[in-house]
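Colleague:
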């Protein structure tokens, strides 16, 4: 199975030239409006200063104070909007890049075991019988029924099967994928359960899906057997009623990293299959649980044994279990929600300490720098550990926001509840519980600050 990577739909990625060009065009378009806005503010300020020089009664002072507050609020709002827009495009780009990296990792692991399987079909014991049938022939223009004889094939299942397979896992130097080298040996007992002597054909084809097959041998009672026709793998044997014989089949094959045995839906009796996977991370395929599993050195031995009649529909055997990739998609989700987390943290800071334009810029720089570091550090080791290593830096820079020493504990508290815990909540399994705790801490701080008893 091949996995093709693709980005997150409808999410901008500034590493794409067409999206970067579209972003630049939109920036120029909105830049004209911002330019006119700044020109308008400058004209108003110039008019106020000119009127202030001629003001004798001082009636402009309250207006200038209110206008100054409005101007400061507008600058704060403009800076916050610029940070949110820039942060969104940055986080969206990182989310797409991280999504590509996760998908490439999954594709690399999946491609290491991708490909067909080596499938060994169960042998068949074929014999032919004559069966009458009626055909219609026209004689003198009249339809006439004529009884004829034809040969049809009937099949028996081996009365006993003892199969031993040894699998070694190597890397294909051409594709860098895993492949199996299998050593197959088996003994099949064939019994004539009919009430007369018959000529049977023991049919045991080689495995499907191999890339190399060598030393394929079929022996009866220690004597090499030759097929009826070359390439058909059909070996004749004549047995009296109730007589039994034994065939030995062996070969070495090389192929895909999955080896299975297929019964073709037929009944198996006195069946035993032992597969020694001489490598780690081996597991049984198709959900057919082995009768016995034991560790042997660095590998595992799987045994399927059915003493009575049993029908197995799906092929069963061994494959290489790749490492499980869990918690995929967590970081793209965190990155897409990061601007909202920053806005919540910034709102708590505004309600805790007086924030200047420089404080807002520092808070944004610290938040998104730590988030960028977390994104790339998580590729090397656990994300929760990486966030724990970044916490001292985050708190060190955020504790000085607002410039009021007596409110540093408040800044640390809102940083913990407004920024640190929400990020932790996106990284752990209990996301809702963690976000709920962060929200309760934030609301509790605001209540204690604004509704404190006089």
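Residue numbers (our numbering): 29 to 482. Backbone N, C-alpha and C define an ideal beta-carbon position, used for all residues, glycine too.
#1: With DSSP collapsed to three states, give me the class of residue 291.
#2: Just verifying my parser: in three-state terms, what is the DSSP assignment at residue 253?
#3: Can you find the residues in the same chain that come closer than 7 Å, C-beta to C-beta, to residue 231, ignoring five residues on each side of it along the sequence?
#4: When you compare the CB positions of residue 336 and residue 278, do they come within less than 8 Å of one another, or not?
#5: What's the gap between the Cα of residue 71 and the Cα of residue 469?
#6: Going by DSSP, name the residue or residues bridged to residue 380.
#7: Just to confirm my understanding: we take residue 286, look at its own chain, exclude 5 residues before and 5 after, and list those with CB closer than 6 Å. What are they?
#8: What do you get for residue 387, buried or exposed, if any count of 16 or more other CB atoms within 10 angstroms of its CB means buried?
#9: Please check the pair residue 123 and residue 364, which I expect to be a contact at CB under 8 Å, by giving their CB distance rounded to whole angstroms.
#10: In terms of residue numbering, what span does the beta strand (DSSP E) encompassing residue 345 cover?
#11: Between the Cα of residue 148 and the Cα atoms of 235, 242, 206 and 446, which residue gives the shortest distance?
#12: Taking the Cβ atom as the reference point for each residue, do residue 225 and residue 177 lie within a distance shorter than 8 Å?
#13: Taking the beta carbon of residue 85 as the centre, do at least 16 other beta carbons fall within 10 Å, making it buried, or is it exposed?
#14: Between residue 190 and residue 215, how many whole angstroms is the CB-CB distance? I'm expecting something under 8 Å.
#15: Is the region 408-416 touching the region 381-397 in the sense that three or more CB pairs, one from each, lie closer than 8 Å?
#16: Quick check: what's the CA-CA separation for residue 158 versus residue 255?
#17: Using only the alpha-carbon positions, how far apart do residue 458 and residue 293 sit?
#18: Tell whether a beta-carbon distance below 8 Å holds between residue 373 and residue 443.
#19: How would you label residue 183, buried or exposed, when you count the other beta carbons within 10 angstroms and need 16 or more for buried?
#20: What are the boundary residues of the alpha helix (DSSP H) that includes residue 470?
#21: Within a Cβ cutoff of 6 Å, which residues of the same chain sit near residue 362, ignoring the five residues on either side of it in sequence?
#22: Per DSSP, residue 298 is paired with what?
#23: To the nearest angstrom, how far is it from the Cα of residue 421 to the Cα of residue 428?
#24: What's the gap between the Cα of residue 34 and the Cα of residue 450?
#25: Assuming residue 156 and residue 181 form a contact by the criterion Cβ under 8 Å, report the distance between their Cβ atoms to the nearest whole angstrom.
#26: With H, G and I counted as helix, E and B as strand and the rest as coil, what does DSSP make of residue 130?
#27: Can you tell me which of the three DSSP states residue 124 falls into?
#28: Ends of the beta strand (DSSP E) at residue 331?
Modeller: Working from what's here:
#1: The sequence position of residue 291 within the chain shown is 263, counting from 1. Coil, per DSSP.
#2: Start at 1 with the first residue of the chain shown, and residue 253 comes out as number 225. In the structure shown, residue 253 sits in coil (DSSP, three-state: anything other than H, G, I, E or B).
#3: Here residue 231 refers to the residue found at position 203 when the chain shown is read from its first residue. Spatial neighbours of residue 231 in its own chain (CB-CB distance under 7 Å, excluding positions within 5 residues in sequence) are listed in chain order as 151, 152, 154, 261 and 262.
#4: Start at 1 with the first residue of the chain shown, and residue 336 comes out as number 308. Start at 1 with the first residue of the chain shown, and residue 278 comes out as number 250. The answer is no: Cβ separation not under 8 Å.
#5: As a position in the chain shown, residue 71 is number 43, starting the count at 1. As a position in the chain shown, residue 469 is number 441, starting the count at 1. Residue 71 and residue 469: Cα-Cα distance of roughly 45 Å.
#6: Numbered from 1 along the chain shown, position 352 holds the residue referred to as residue 380. DSSP output for residue 380 lists no bridge partner at all.
#7: Within the chain shown, the letter at position 258 stands for residue 286. Closer than 6 Å at Cβ, skipping near neighbours: 145 and 347.
#8: Residue 387 sits at position 359 when you count from the first residue of the chain shown. So residue 387 counts as buried.
#9: Within the chain shown, the letter at position 95 stands for residue 123. Within the chain shown, the letter at position 336 stands for residue 364. With 8 Å as the limit, residue 123 and residue 364 qualify as a contact, their Cβ atoms being about 5 Å apart.
#10: If you number the chain shown from 1, residue 345 lands on position 317. Looking at the DSSP string, the run of the beta strand (DSSP E) that includes residue 345 is 344-348.
#11: Residue mapping note: residue 148 aligns to position 120 of the chain shown, counting from 1. When each option's Cα is compared against that of residue 148, the closest is 235.
#12: Residue numbering aside, residue 225 sits at position 197 when the chain shown is read from its first letter. Residue numbering aside, residue 177 sits at position 149 when the chain shown is read from its first letter. Against a cut-off of 8 Å, the Cβ pair of residue 177 and residue 225 comes out as no contact.
#13: The sequence position of residue 85 within the chain shown is 57, counting from 1. Residue placement at residue 85 cannot be trusted, given a pLDDT of 46 that sits under 50; the coordinates are not used to answer.
#14: The residue you call residue 190 lines up with position 162 of the chain shown. The residue you call residue 215 lines up with position 187 of the chain shown. About 5 Å; that satisfies the 8 Å criterion.
#15: No: the two stretches stay apart, fewer than three of their Cβ pairs being nearer than 8 Å.
#16: Counted from its first residue, the chain shown places residue 158 at position 130. Counted from its first residue, the chain shown places residue 255 at position 227. If I take the Cα positions, the gap works out to 23 Å.
#17: By 1-based counting over the chain shown, the position of residue 458 is 430. By 1-based counting over the chain shown, the position of residue 293 is 265. Those two C-alpha atoms are separated by around 46 Å.
#18: Taking the first residue of the chain shown as position 1, residue 373 is located at position 345. Taking the first residue of the chain shown as position 1, residue 443 is located at position 415. Taking 8 Å as the cut-off, the Cβ atoms of residue 373 and residue 443 count as close.
#19: As a first step, residue 183 must be located in the chain shown, where it is residue number 155. Per the 10 Å Cβ criterion, exposed.
#20: Numbered from 1 along the chain shown, position 442 holds the residue referred to as residue 470. Residues 459-478.
#21: Within the chain shown, the letter at position 334 stands for residue 362. Excluding five sequence positions before and after residue 362, the CB atoms of its chain that fall closer than 6 Å to its own CB belong to 454, given in chain order.
#22: Stepping through the chain shown from its first residue, residue 298 is reached at position 270. DSSP lists no partner for residue 298.
#23: Taking the first residue of the chain shown as position 1, residue 421 is located at position 393. Taking the first residue of the chain shown as position 1, residue 428 is located at position 400. Roughly 12 Å between the two C-alpha positions.
#24: Walking along the chain shown from the start, residue 34 turns up at place 6. Walking along the chain shown from the start, residue 450 turns up at place 422. Note that residue 34 scores a pLDDT of 49, beneath 50, so its modelled location is shaky; the value from the coordinates is reported in the next line. Spanning the two alpha carbons is a distance of roughly 28 Å.
#25: Position 128 of the chain shown, counted from the start, is the residue given in the question as residue 156. Position 153 of the chain shown, counted from the start, is the residue given in the question as residue 181. Confirmed, about 6 Å.
#26: To locate residue 130, count along the chain shown from 1; it is residue 102. Per DSSP, reduced to three states, the secondary structure at residue 130 is helical.
#27: Numbered from its first residue, the chain shown carries residue 124 at position 96. Reduced to three states, the DSSP call for residue 124 is helix.
#28: The residue given as residue 331 occupies position 303 in the chain shown. Element bounds for residue 331: 327-334.
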